[in-house]
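Take a look at the structure set out below.
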Amino acid sequence: MAVTVTDEMVAAYQRDGAVLVKGLWFDWVDVIAAGIERNMAEPGPYAAENLKPGEGGRFFDDYCNWQRIPEFQEVIAKSDVAEVAARLMGSDTVQVFHDHVLVKEPGTTKATPWHQDGPYYFVGGRQTVSFWSPVDPVKEATLRLVAGSHLWEKEVLPTRWLSEENFYPDPEAYMPVPDPDAEGMRVLEWQMEPGDAVAFDFRTLHGARGNTATARRRAFSLRLVGDDARYVERPGRTSPPFPGHDMQPGDRLREDWFPYLKRAGA
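Taking this note's numbering, the leading residue of the sequence shown gets 652, the next gets one more, and so forth.
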């Protein structure tokens, strides 16, 4: 199923920092689901269980596995995602940053805390996009995003999901994590079918509801960057860390680690 990115979708993405892309991976749902099951059966070094003792359900996540999960490789290489990303970002080039699997089993009441992805990463720029796509129908456990938060002058303090500690030693460099509902912010959220995707900027504040339904909520995320993305230093170990990358501030991401899906003029 071909995906059409309209001018209205591009305008919404640039204005709000997020937009729903219906059917982005409609033809790839079974492949992605198989990749998620493989990932859960064979977790990588960054796999985490994000619940404290006594919290019900299961909240599993893992990232940076696409190069060893053949199903993820196939989807990234053969789907329309690079063209969609280039159009939304307004970029001539598209590079892979990393993948991320997030699974909330039935009865997982814990919400994903409000956060921006950007402060955890060592990449800066205004041409970034993350696609969050469920392989199960999503109603209660949907993604929630604060419209316009990608344009805030100061980044939001990153925290550790399980311990709730600050991620970096200098919290003064960041704004406190807001409470969007209490502060009356415009929150975007959509009920989604398998293969739909929410596209959002790395700087867009977002979180997700717990999964109180009787069905699983398995989601696959793919993070991509465009023309202006550059390596930036953070005040501590980033997530993902990519040890030994040898990049310097201002460098483009090294293409042997972060391959191009689309090049200028292609």
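Glycine included, every Cβ here is placed at the ideal spot set by N, Cα and C.
Straight-line gap, residue i to residue j (C-alpha atoms, nearest Å)
i: PRO820; j: ARG885; result: 11 Å
i: PRO822; j: TRP812; result: 16 Å
i: ARG738; j: VAL797; result: 22 Å
i: GLY914; j: MET740; result: One point to set straight first is that residue 914 is Arg, not Gly, in the sequence displayed. Looking at the two C-alpha atoms, the distance is approximately 14 Å.
i: PHE782; j: PRO704; result: 31 Å
i: THR763; j: GLU804; result: 24 Å
i: THR855; j: HIS801; result: 4 Å
i: GLY775; j: PHE853; result: 9 Å
i: PRO721; j: ASP750; result: 13 Å
i: SER742; j: PRO910; result: 15 Å
i: ASN690; j: ARG867; result: 16 Å
i: ALA653; j: ILE727; result: 15 Å
i: ARG869; j: TYR697; result: 18 Å
i: GLU756; j: GLY708; result: 6 Å
i: TYR772; j: GLU844; result: 29 Å
i: TRP765; j: ARG837; result: 14 Å
i: GLN718; j: GLN724; result: 6 Å
For residue i, the residue or residues it bridges with in DSSP
i: ASN862; result: THR759
i: GLU840; result: ARG795
i: MET826; result: VAL807
i: HIS896; result: Answer is none; HIS896 lacks a bridge partner.
i: GLN767; result: GLN767 pairs with nothing; no bridge assigned.
i: GLY775; result: ARG881
Selection from the options that minimises the alpha carbon distance to residue i
i: ASP902; options: ALA663, ASN862, ARG881, LEU875; result: ARG881
i: ASP832; options: GLU840, TYR825, MET826; result: GLU840
i: VAL789; options: THR863, ASP658, PHE909, TYR664; result: THR863
i: VAL735; options: VAL661, GLY846, ASP830, PRO910; result: VAL661
i: PRO770; options: VAL745, THR759, HIS857, PRO785; result: HIS857
i: GLY846; options: GLY799, TRP908, MET826, ALA684; result: ALA684
i: THR779; options: PRO785, ARG888, TYR664; result: TYR664
i: ARG795; options: ALA859, ASP787, PRO829; result: ALA859
i: THR759; options: GLU791, GLU725, VAL747; result: GLU791
i: MET826; options: GLU844, TRP676, VAL838, VAL807; result: VAL807
i: LEU875; options: GLN899, TRP717, PHE723, VAL745; result: VAL745
i: ILE687; options: PHE748, VAL828, ASP658, ASP787; result: ASP787
i: GLY877; options: LEU912, ARG837, GLY799; result: LEU912
i: GLN842; options: PRO694, PRO785, ASP681, GLN718; result: PRO785
i: PHE818; options: ARG888, VAL883, GLU834; result: ARG888
i: SER890; options: ALA699, THR657, ARG777, LEU675; result: ALA699
Counted within 10 angstroms of its Cβ, other Cβ atoms place residue i as buried (16 or more) or exposed
i: GLY861; result: buried
i: THR793; result: buried
i: ALA733; result: buried
i: SER730; result: buried
i: SER814; result: exposed
i: THR655; result: exposed
i: ALA692; result: exposed
i: ARG666; result: exposed
i: THR810; result: buried
i: GLN767; result: buried
i: ALA848; result: buried
i: ALA824; result: exposed
i: PRO892; result: exposed
i: ASP907; result: exposed
Inset, instruction - Check whether the stretch 658-676 touches the stretch 711-725, counting contact only when three or more Cβ pairs, one atom from each stretch, lie closer than 8 Å. - result: No, the stretch 658-676 is not in contact with the stretch 711-725.
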